Amino acid sequence: MDMDIKKLISEMTLEEKASLCSGRDFWHSQNVDRVGIPSAMMCDGPHGLRKQKGEGDHLGINESIETVCYPTASALAASFDKELLRELGETLGEECQSEDVAMLLGPGLNMKRSPLCGRNFEYFSEDPYLAGELGAAYIQGLQSRGVAACVKHFAANNQETRRMSGSSNLEERTLHEIYLPAFEAAVKKGKTRGIMCAYNGINGTFCAENKMLLNDILRDKWGYEGFVVTDWGAVKDRVKGIAAGLDLEMPGGIGNQDAVILKAVQEGRLEESLLDETVERILTFIQDYLDARRPETVIDRNAMSEKSGNFAAQCAVLLKNQGLLPLDKTKKTVFIGEFAERPRYQGAGSSHINVSRVGSALEAARGLDAAYAQGYDVHQEERNEELRAQAIEAAREAETAVIFAGLPDAYETEGADRENMELPEYQNRLIREIAKVQKNVVVVLHGGAPMELPWIDQAGAILCMYLGGESVGEAAVRLLFGEENPSGRLAETWPLQLEDNPSYLNFPGVDGQVNYREDIYI
Numbered sequence: 217m218d219m220d221i222k223k224l225i226s227e228m229t230l231e232e233k234a235s236l237c238s239g240r241d242f243w244h245s246q247n248v249d250r251v252g253i254p255s256a257m258m259c260d261g262p263h264g265l266r267k268q269k270g271e272g273d274h275l276g277i278n279e280s281i282e283t284v285c286y287p288t289a290s291a292l293a294a295s296f297d298k299e300l301l302r303e304l305g306e307t308l309g310e311e312c313q314s315e316d317v318a319m320l321l322g323p324g325l326n327m328k329r330s331p332l333c334g335r336n337f338e339y340f341s342e343d344p345y346l347a348g349e350l351g352a353a354y355i356q357g358l359q360s361r362g363v364a365a366c367v368k369h370f371a372a373n374n375q376e377t378r379r380m381s382g383s384s385n386l387e388e389r390t391l392h393e394i395y396l397p398a399f400e401a402a403v404k405k406g407k408t409r410g411i412m413c414a415y416n417g418i419n420g421t422f423c424a425e426n427k428m429l430l431n432d433i434l435r436d437k438w439g440y441e442g443f444v445v446t447d448w449g450a451v452k453d454r455v456k457g458i459a460a461g462l463d464l465e466m467p468g469g470i471g472n473q474d475a476v477i478l479k480a481v482q483e484g485r486l487e488e489s490l491l492d493e494t495v496e497r498i499l500t501f502i503q504d505y506l507d508a509r510r511p512e513t514v515i516d517r518n519a520m521s522e523k524s525g526n527f528a529a530q531c532a533v534l535l536k537n538q539g540l541l542p543l544d545k546t547k548k549t550v551f552i553g554e555f556a557e558r559p560r561y562q563g564a565g566s567s568h569i570n571v572s573r574v575g576s577a578l579e580a581a582r583g584l585d586a587a588y589a590q591g592y593d594v595h596q597e598e599r600n601e602e603l604r605a606q607a608i609e610a611a612r613e614a615e616t617a618v619i620f621a622g623l624p625d626a627y628e629t630e631g632a633d634r635e636n637m638e639l640p641e642y643q644n645r646l647i648r649e650i651a652k653v654q655k656n657v658v659v660v661l662h663g664g665a666p667m668e669l670p671w672i673d674q675a676g677a678i679l680c681m682y683l684g685g686e687s688v689g690e691a692a693v694r695l696l697f698g699e700e701n702p703s704g705r706l707a708e709t710w711p712l713q714l715e716d717n718p719s720y721l722n723f724p725g726v727d728g729q730v731n732y733r734e735d736i737y738i
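Residue numbers for the sequence shown follow my numbering, so the first one is 217 and each next one is one higher.
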């Protein structure tokens, strides 16, 4: 379909133009059948495709298609590898084409102001240059396959506490030097076709109606030509939003926003020319989708799963090694910890991927001289004393104990920040007590953000896998036994304790007012 967009707009009624400014439903843009405008589908990402089959939601609750989960952004950033990010974008672009998805929501480019942000696993770094370079590479890969990226959450969205109503209060220098450059790189270098505005306000003005952000900086200063979509449910005042540069409200079906826009134009409170510009940007997105659409695309999910494991191996960070790694395959090893059998490989919320398989370290170690002791139970902590005793005995009988530890699912999720940087105490105690009976202790960490490691002096080696995707267990075994080299580097500061973080005194703010008093020193 080839649309003459300006001609099409001139033929549309005011009601039809207003209808295009919000979605048809949870995941689709609005169609206007009378003039032949189809809808286009948007889906959550960014480290996998979350395409929901039935009723939609933005917290990862309802069922989505089975697909492949790749390492999350906190892991990917540790690779410092733009080619890896570009390859991931290309792979996801092919899958989006096979599922007729026009836009994948991501990547997340917010800065890691505090290690407690519950969504840090979805973000690359505290360093705006690194986040911008990696984000741009991912965008280039995804859009090379004809699928639009939608970078998020624009801007200064650095916590989940009061995320719908809070205000990020910061100096102009801090905003421009720390919190905007990654988005600027996504626009100028990545050529992103979509931007998602955040829930929060900046210095008292919500991002969804912030003219300084959406027009003065994004379009006038950076030359952005794509369209702006809200985070799902971020609109506060629809008319102010259009006047400020907001285009598409998602999800659709909330209230009667068409009538609100229509009335504002009729009463002269909103210029119809601004509405026309909004509609033109939305129609350009739909036209680009139609031009690039390849529904016949065939993908190989087994090959994609293998690729996920290769990525995970390249992202792992060796935090410490006093000669214990690589392990000797001929010597008796014991794997300890529930995560060896059921690894934590992704975060919770809108990015949650429905996978058909998860490769565990225990499964990957079959054929090696590796015993197993559960050590702890994430869901039934009353069993942990018994499991710990069994693990200590198993550790006595081995030459090396490899303890799989980290943050349980409930510790990291969209919609809530972490209360502290601590691991569960049952894990800390397990590691300490095993170190008393076994001099060769290796700890493998799973989690999307920094953790306090009070037993660091008692562990001979620490391998951080972050949240490494569905094949993280297999990747961990390859790294532990020297088949691959753990060549990742930290893309964020790991404070020894929470109090060492510069935002400590001002996170998460009071009554929704979040003062960035550490300024540029994050």
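Each residue gets a CB set at the ideal place from its N, CA and C atoms; glycine is no exception. Computed from a prediction, not measured in an experiment: that's the story for all the values here.
Which ranges would you report for the beta strand (DSSP E) in the region 625 to 675 if only whole runs of at least 3 residues count?
The region 625 to 675 contains these whole beta strand (DSSP E) runs: 657 to 662.
Taking only runs that begin and end inside the region 555 to 590, name each unbroken beta strand (DSSP E) of 3 or more residues, in chain order.
The beta strand (DSSP E) runs of length 3 or more contained entirely in the region 555 to 590 are, from start to end of the chain, 586 to 589.
Between the alpha carbons of Lys407 and Pro702, how many angstroms are there, rounded?
When rounded, the distance between both Cα atoms is 32 angstroms.
Can you tell me whether Leu706 is helix, strand or coil according to DSSP?
Coil at Leu706, not helix or strand.
Whose C-beta lies closer than 6 angstroms to the C-beta of Ala353 among residues of the same chain, with five residues either side of it excluded?
Excluding residues within five positions, the ones whose Cβ falls inside 6 angstroms are Lys298, Leu301 and Arg302.
Touching by the beta-carbon criterion (3+ pairs, under 8 angstroms), the region 408 to 424 and the region 446 to 460
Yes, since at least three Cβ pairs between the region 408 to 424 and the region 446 to 460 fall closer than 8 angstroms, the two stretches touch.
For the putative contact between Glu700 and Ala586, defined by C-beta atoms under 8 angstroms, what is the C-beta separation to the nearest angstrom?
Here Glu700 is actually not in contact with Ala586; their C-beta atoms are around 18 angstroms apart, not less than 8 angstroms.
Taking the alpha carbon of His392 as the point to measure from, which residue in Ser489, Leu721, Phe370 and Met412 has its own alpha carbon closest?
Measuring from the Cα of His392, the nearest candidate turns out to be Phe370.
Report the partner residues of Val248 according to the DSSP bridge assignment.
Ile253, per the DSSP bridge assignment.
Less than 9 angstroms between the beta carbons of Ala626 and Ser290, yes or no?
Going by C-beta atoms, Ala626 is not nearer than 9 angstroms to Ser290.
Taking 9 angstroms as the cut-off, decide whether the C-beta atoms of Asp316 and Met257 are in contact.
By the CB criterion at 9 angstroms, Asp316 and Met257 fall inside the cutoff.
Same chain only: Cβ atoms within 7 angstroms of Ala589, ignoring 5 sequence neighbours per side
Cβ within range, chain order: Val550, Ile552, Gln606, Ala607 and Ala610.
Please confirm whether Val444 and Leu464 have their CB atoms less than 9 angstroms apart.
Yes, they are a contact pair.
Of the choices Gly565, Ile470, Tyr415 and Lys405, whose alpha-carbon is the least far from that of Tyr191?
In the structure as shown, the chain begins at 217 and stops at 738. Residue 191 is therefore absent and cannot be evaluated.
So the candidates are Pro331, Arg266 and Glu231; which of them puts its Cα closest to the Cα of Arg634?
It is Pro331 whose Cα lies nearest to the Cα of Arg634.
If you draw a straight line from the C-alpha of Asn518 to the C-alpha of Leu429, how long is it?
C-alpha separation (whole angstroms): 42 angstroms.
In the DSSP assignment, the alpha helix (DSSP H) including Asp474 goes from what residue to what residue?
Per DSSP, Asp474 belongs to the alpha helix (DSSP H) from Gln473 to Gln482.
Touch test, the region 654 to 671 against the region 617 to 631, Cβ-Cβ under 8 angstroms, three pairs minimum:
Short answer: they touch.
Please work out which residues of its chain come closer than 8 angstroms, Cβ to Cβ, to Ala486, disregarding the five sequence neighbours upstream and downstream, and give them in chain order.
Checking the displayed sequence, the identity of residue 486 turns out to be Leu instead of Ala. Correct list, in chain order: Val455, Ile458, Ala459, Ile477 and Ala480.
Can you check DSSP and say which residues form a bridge with Tyr339?
The partner list for Tyr339 (beta bridge, DSSP) reads Gly324.
Below 8 angstroms on the Cβ atoms is my guess for Leu696 versus Ile678; work out the distance and round it to an integer in Å.
Wrong, their Cβ atoms sit about 12 angstroms apart, outside the cutoff.
C-alpha gap between Ser341 and Asp507, whole angstroms:
Cα-Cα distance, rounded: 34 angstroms.
Determine the extent of the beta strand (DSSP E) in which Lys404 is found, giving its start and end residues.
Taken as a continuous stretch (DSSP letters only), Lys404 belongs to no beta strand (DSSP E), being part of the alpha helix (DSSP H) at Pro397 to Lys404.
How many whole angstroms separate the CB atoms of Glu628 and Ala564, which I take to be in contact at a CB cut-off of 8 angstroms?
With a Cβ gap of about 7 angstroms, Glu628 and Ala564 count as contacting.
Sufficient close CB pairs (3 or more, under 8 angstroms) joining the region 535 to 549 to the region 354 to 362
Taking a contact to require three or more Cβ pairs closer than 8 angstroms, the region 535 to 549 and the region 354 to 362 do not qualify as touching.
Do the region 303 to 311 and the region 685 to 694 make contact, defined as three or more Cβ pairs closer than 8 angstroms?
Touching, no.
What three-state label does DSSP hand Leu534 in the structure shown?
It is a strand residue.
Note down the Cα distance separating Ile418 from Arg573, rounded to an integer number of angstroms.
Their Cα atoms are separated by approximately 42 angstroms.
Burial state of Tyr345 (16 or more Cβ within 10 Å)
It is exposed - the Cβ of Tyr345 has fewer than 16 other Cβ atoms within 10 Å.
Starting from the N-terminal side, write out each stretch of the alpha helix (DSSP H) that is 4 residues or longer and does not extend beyond the region 287 to 325.
Under the rule that a run must span 4 or more residues, the alpha helix (DSSP H) segments found entirely inside the region 287 to 325 read 289 to 293 and 298 to 314.
Tell me which same chain residues have a C-beta within less than 6 angstroms of the C-beta of Val248, skipping the five on either side of it?
Glu232, listed in sequence order.
Taking 9 angstroms as the cut-off, decide whether the C-beta atoms of Arg510 and Gln313 are in contact.
Yes, they are a contact pair.
Please work out which residues of its chain come closer than 7 angstroms, Cβ to Cβ, to Asn644, disregarding the five sequence neighbours upstream and downstream, and give them in chain order.
Sequence-distant partners of Asn644 (beyond 5 residues in either direction) whose C-beta falls short of 7 angstroms from its own C-beta, in its chain, are Pro670 and Trp671.
Presumed contact (8 angstroms Cβ cut-off) between Ser566 and Val284, rounded CB distance
Not quite, the Cβ-Cβ distance comes to about 17 angstroms (not below 8 angstroms), so this is no contact.
Provide the residue span of the beta strand (DSSP E) that contains Ile498, from first to last.
Here Ile498 belongs to no beta strand (DSSP E); instead the alpha helix (DSSP H) covers Glu488 to Ala508.
Starting from the C-beta of Glu649, find all residues in its chain whose C-beta is less than 8 angstroms away, skip the five residues before and the five after it, and write them out in chain order.
Cβ within range, chain order: Arg604 and Ile608.
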